[in-house]
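In terms of this note's numbering, the sequence shown has 22 at position 35, counting the first letter as 1, and numbering is strictly consecutive.
We treat Cβ as the ideally placed atom computed from N, Cα and C, and that holds for glycine.
Report on the structure given below.
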Amino acid sequence: MRVLLILPQAMADAQQSGYGYIAGWITLKVHSSFAAVGLTAAFSRALAQQNISCNVVGYYHGYIFVAEDDVQQALVILNSLGE
């Protein structure tokens, strides 16, 4: 069985836990539910068009994890969706 832990890098380092992906955490300020259709598709498509991968976790509002080096560009893209 595999378990996913999302925690600060400093905490993983302190516990000597291995990790293979360092991500930035972006919180969407949109209230949605698991039954909502299209929200994930909208932002993942916009990010994918700029070659930015994302991983989504959340309930009622999304938490998006993107590679640490892509955070600033992802924020610009996501903010433009609300315009």
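Proximal residues to residue i (C-beta, below 6 Å), its chain only, five neighbours per side dropped
i	result
V58	G11
C41	S31, L34, I51, V53
Paired residues, beta bridge with residue i - DSSP
i	result
G69	Answer is none; G69 lacks a bridge partner.
A10	A54
G49	G45
Top-ranked residue by Cα proximity to residue i, from the options
i	options	result
A28	A1, G49, L(-6), I9	G49
N66	I9, G5, L34, L(-8)	L34
T14	L68, F52, R32, Q60	F52
Residues near residue i by beta carbon distance below 8 Å, same chain, minus five either side
i	result
L62	I13
Q3	none
Spatial distance of residue i from residue j (CA atoms)
i	j	result
I64	I39	10 Å
D0	H18	33 Å
L(-9)	M(-2)	15 Å
A16	L68	A quick correction: the sequence has Lys, not Ala, at residue 16. Looking at the two C-alpha atoms, the distance is approximately 12 Å.
D56	P(-5)	16 Å
Contact check, residue i vs residue j, beta carbons under 8 Å
i	j	result
V24	I(-7)	no
Q37	Q60	yes
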